[in-house]
Structure formats: C-alpha cells, structure tokens
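**Q**
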Amino acid sequence: MHRGNFQQLLLRHIRHEIGETSIRLSQKLVAFRSVSDHVEVDFVNPSTGDQNTELAKVLVGADGINSTVRKILYPDEGRPLWSGVTIWRGVTQTDKLLLDGRSLIVMGDPNDVQLVMGHVSKNVINWTCLVRVEDPNMQISPAAPDWNNLGHIEDLLPLISNMKLNFVDIHHIIQSSMIINKFPMTDRNTLPRWTHDRVTLLGDAAHPMYPYGGNGASQAILDARGLILSFRQHGVTLQGLQAYDDLRRPASNIVVLASRQYSCDEILKVVHERAPDGFEHLSDVISSAELEAIMSNSKRVAGLHAEQLNQEPPLF
Ligand SMILES: Cc1cc2nc3c(=O)[nH]c(=O)nc-3n(C[C@H](O)[C@H](O)[C@H](O)COP(=O)(O)OP(=O)(O)OC[C@H]3O[C@@H](n4cnc5c(N)ncnc54)[C@H](O)[C@@H]3O)c2cc1C
C-alpha cells in the first residue's frame, strides 16, 4: 500500500474515533518539562510564530530521525551517523505494469550501486538507488538527513549508466519521476532507555535504522502496537511507558544493529560471490531452500514473520 494512502486512512480513522480537533497541524514542539504529575509541552507555529503550551499526562516523541524530543533527552548525542551511502529515490506514474505488478527488482552491488524498483500501487512505481560515495568510516554526512532534499537526474544518470535490463527500461522509469529526492543513509546508536519519567520515544526518534529489507516504518508500527498493549495493561501511566520501553527497545535495537550488517542484502551478496560474472538460472547459484532460509531469518530478526505476528494478541 502507498504510504500516503495509509496515512490518509489512519487520519480518517483517528478523526472518526477521537474527533476532528484531535489533530492539529503546524505545531512544532520546541521544549517540554515535567510538572508534578503532568508534562508541559511548548509548541511554535512555524508559519505565524504563534506559541502555545499544552499540558499532557505523557509525551510520546515520534518526531523522526532529527527528533527534538530525543535531542532534549540526549543533548550531547550530535548528528545522525552516516553509512557512506546516498539514497536516491523517486516515484513514477505509469499505466504499464512492471512485470506482474507484484515483483520487486533488486539489482547491482550493495558495495557500489544498488537499485530497488517495484510498484507501491497499480499506477505508481517506487524506485530507490543506493550509491556508496565515500569511505564508510566517515561518519558525518555532507547533507543533513531531510526527507525533502532534492536530487538532480543529471547527477544520478552517470552512476547508473551500466545498469540495464532487457525486459524493462529502468532509465526511462527513473527519468520520468515526478520528483527525485536524495538522502544520506543514516542511523543512530541504540539508546540505553527511551522512557524518561513521563516522556518516551517512538519510531525513528527512538531507533533510526538503515531501511534495508523495508525496515523503519514497520518497526514504528510495531512500537505503536507495543505502546497500546502496555497502556492497556498498566494504564496511561509511568509503568505503562516503562513496560513499552522494556518490550520494544531490545527488539528494535537488534534490528538497528542487524541492518548495519547488510543482513537483508545477504542474497545479493551470496549470489555475487558465487557467480561474479553472472548466471543463466538463479537456481544454479543458490537453492530455493537457501533463499527461503535467508528471507526467513531477516523477517524473524525484524519481528515481521507472518506466523510470529499472527501469534500476537489482537489489538481490537
Ligand atoms: C529511501 C528510504 C526508504 C525507506 N523504505 C522503507 C520501507 O520500505 N519500509 C519501511 O518500513 N521503512 C522504510 N524507510 C524508513 C521509514 O521511512 C522511516 O522509518 C519512517 O518514516 C519513520 O517514521 P516516523 O513516524 O518515526 O518518522 P517520520 O516519518 O520522519 O515522521 C516524523 C514526523 O515528525 C514531524 N516532526 C519533526 N520534528 C517535529 C517537531 N519538533 N515538532 C512536531 N513535529 C515534528 C515531522 O514533520 C514528521 O511529520 C525508508 C527510509 C528511506 C530514507
């Protein structure tokens, strides 16, 4: 499902369940402090400069990789850590299906240039190109991780000029993108705790990670589920926030560290090592049992195994 459609669905659901005024836009959190049994949170409207303060039982900082809440809890942490890879990405409107419309093309070398392309809905193809540009030990990226950084097609095309497939014109798809963004692939070190008194972290604010294997947002969804289960068990209390931390932090920390090991690109790595000059049939290089074992392991580490998830208690 396209992320935008999913967000719209959540928005409609929240408005229906807890009312139209439950969502307020243009409210940038700038500070918070604990006041007896509440937390006071200061917001600024970035367009008008208007300020206001809200009183809440708890504060959940879900404000992304550049989280202000995390910066206040960990003021000395500094900028996110760069992997040495730049991620180019875009979406292309199309009236033609890429293969069967359900396949994902993953090609290239994870240590150089790698392209991932697939449908996010019937008429939209999403592509991502990961380009290793610098010494991987260099930890500070040249650009801050901002979803809205623009990339230019003239800079990308020379990097992928050797990438060709005889059944799809990947260059045409990339050149037809509505917009191209460029993002340094960054993460942060894992934290010893997310919950501090009445404040906790969720999603990228808590555990930004390399998005290998489609991780990141999926972990944020598991966090949200864990938070609800913990509140259900302990109420919207300090114990509830601590139970959420105990439940989700160790599990997502494993995924942050596993993503640094390229775990989800294991298949490309194995195939490249065994057949550096290409192959006729994939089954000559790697067996379906091996493929299944690698995929299954990466889903298990991320907590995204269908059987594992289906054993969890229902939320509603
Ligand atoms: C190229 C790429 C591909 C990816 N692919 C996948 C994938 O296939 N699957 C997957 O699961 N994940 C993927 N991810 C990761 C995923 O995008 C993130 O993990 C996810 O967006 C994190 O969600 P979040 O809500 O925690 O943070 P964000 O999506 O960053 O949202 C944070 C929100 O907080 C707001 N905010 C920031 N500061 C403040 C403030 N001070 N006050 C108020 N609001 C604030 C921001 O405006 C934003 O709306 C990918 C990431 C990249 C870069």
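All letters in the sequence shown, in the order written, are residues 1 to 316 by full-length UniProt numbering.
Glycine included, every Cβ here is placed at the ideal spot set by N, Cα and C.
Quantities reported herein were computed from a predicted structural model and do not represent experimental measurements.
(1) Could you give the residue range of the alpha helix (DSSP H) that holds leucine 227?
(2) Any chance the CB of phenylalanine 183 is under 6 Å from a heavy atom of ligand 1?
(3) According to the neighbour-count rule (16 or more other Cβ atoms, all chains shown, within 10 Å of its Cβ), is asparagine 5 buried or exposed?
(4) For isoleucine 173, report the span of its alpha helix (DSSP H) as first-last.
(5) Starting from glycine 61, trace the beta strand (DSSP E) in both directions and tell me its first and last residue.
(6) Rounded to whole angstroms, what's the CA-CA distance from arginine 70 to isoleucine 286? Just pull it up for me.
(7) Going by alpha carbons, who is nearest to valine 91 out of Asp155, His2, Gly216?
(8) For serine 263, which of helix, strand or coil comes out of DSSP?
(9) Who are glutamine 114's beta bridge partners in DSSP?
(10) What do you reckon, is the C-beta of lysine 28 under 6 Å from a heavy atom of ligand 1?
(11) Report the residue from Gln233, Leu115, Ala251 whose alpha carbon sits nearest the alpha carbon of leucine 157.
(12) Work out the CA separation of valine 41 and arginine 33 for me, nearest whole Å.
(13) With 16 other CB atoms within 10 Å as the buried threshold, where does proline 184 fall?
(14) Going by the CB atoms, is the gap between glycine 226 and histidine 234 shorter than 7 Å?
(15) Verify the contact flag: aspartate 204, CB atom, against every heavy atom of ligand 1, threshold strictly below 6 Å.
(16) For tyrosine 244 and aspartate 223, what's the separation of their Cα atoms in angstroms?
(17) Measure the CB-CB distance between valine 255 and glutamine 311 and report whether it falls below 7 Å.
(18) State the DSSP-derived secondary structure class of glycine 101, mapped to helix, strand or coil.
(19) Ligand 1 and threonine 128: does any heavy atom of the ligand fall closer than 6 Å to the residue's C-beta?
(20) How is the alpha helix (DSSP H) around valine 301 delimited, first residue to last?
(21) Would alanine 209 be called buried (16 or more neighbouring beta carbons within 10 Å of its own) or exposed?
(22) Helix, strand or coil: which one does DSSP assign to proline 313?
(23) Please say whether tryptophan 88 and lysine 182 have beta carbons closer to each other than 7 Å?
(24) Determine contact between the region 282-298 and the region 187-207, defined as no fewer than three beta-carbon pairs at a distance below 8 Å.
(25) Using the Cβ count rule (16 or more neighbours within 10 Å means buried), how would you classify valine 131?
(26) Could you tell me which of Gly78, Val199, Ile173, Ser121 sits nearest to alanine 144, measuring between CA atoms?
(27) Using only the alpha-carbon positions, how far apart do threonine 128 and isoleucine 23 sit?
(28) Using beta-carbon positions only, say whether valine 58 and glutamine 51 come within less than 7 Å of one another.
(29) Count the other CB atoms within 10 Å of the CB of leucine 98; is the residue buried (16 or more) or exposed (fewer)?
**A** Working from what's here:
(1) Element bounds for leucine 227: 217-234.
(2) The beta carbon of phenylalanine 183 sits closer than 6 Å to at least one heavy atom of ligand 1.
(3) That one is exposed.
(4) Isoleucine 173 -> alpha helix (DSSP H) spans 170-175.
(5) According to the DSSP assignment, glycine 61 belongs to the beta strand (DSSP E) that extends over 59-61.
(6) Each residue's Cα considered, the two are about 43 Å apart.
(7) Shortest Cα-Cα distance from valine 91 to any of Asp155, His2, Gly216 involves His2.
(8) Any answer about serine 263 is weak, because its pLDDT of 48 lies below 50 and its placement is not dependable; what the coordinates show is given next. Of the three classes helix, strand and coil, the one that applies to serine 263 here is helix, per DSSP.
(9) Beta-bridge analysis with DSSP links glutamine 114 to Gly108, Leu130.
(10) It does: the Cβ of lysine 28 is within 6 Å (strictly closer) of some heavy atom of ligand 1.
(11) The residue from Gln233, Leu115, Ala251 with its alpha-carbon nearest to that of leucine 157 is Leu115.
(12) The alpha-carbon atoms of arginine 33 and valine 41 are separated by roughly 7 Å.
(13) Counting the other CB atoms within 10 Å of its CB gives proline 184 a total of 16 or more, which places it among the buried residues.
(14) Remark: C-beta atoms of histidine 234 and glycine 226 do not approach each other more closely than 7 Å.
(15) Aspartate 204: yes, Cβ under 6 Å from ligand 1.
(16) One C-alpha to the other measures close to 8 Å.
(17) Not in contact: valine 255 and glutamine 311 (Cβ atoms no closer than 7 Å).
(18) Three-state DSSP puts glycine 101 in coil, outside helix and strand.
(19) Under cutoff, so the answer is yes.
(20) Start and end: 288-302.
(21) Going by the sequence as given, residue 209 is methionine instead of alanine. So methionine 209 counts as buried.
(22) Of the three classes helix, strand and coil, the one that applies to proline 313 here is coil, per DSSP.
(23) Yes; because the gap between Cβ atoms is below 7 Å, this pair is in contact.
(24) The answer is no - the region 187-207 does not touch the region 282-298, with fewer than three Cβ pairs under 8 Å.
(25) That one is buried.
(26) Looking at Gly78, Val199, Ile173, Ser121, the one whose alpha-carbon comes closest to that of alanine 144 is Gly78.
(27) Approximately 31 Å, taken between the alpha carbons.
(28) Between valine 58 and glutamine 51, the CB-CB gap reaches or exceeds 7 Å.
(29) So leucine 98 ends up on the buried side.
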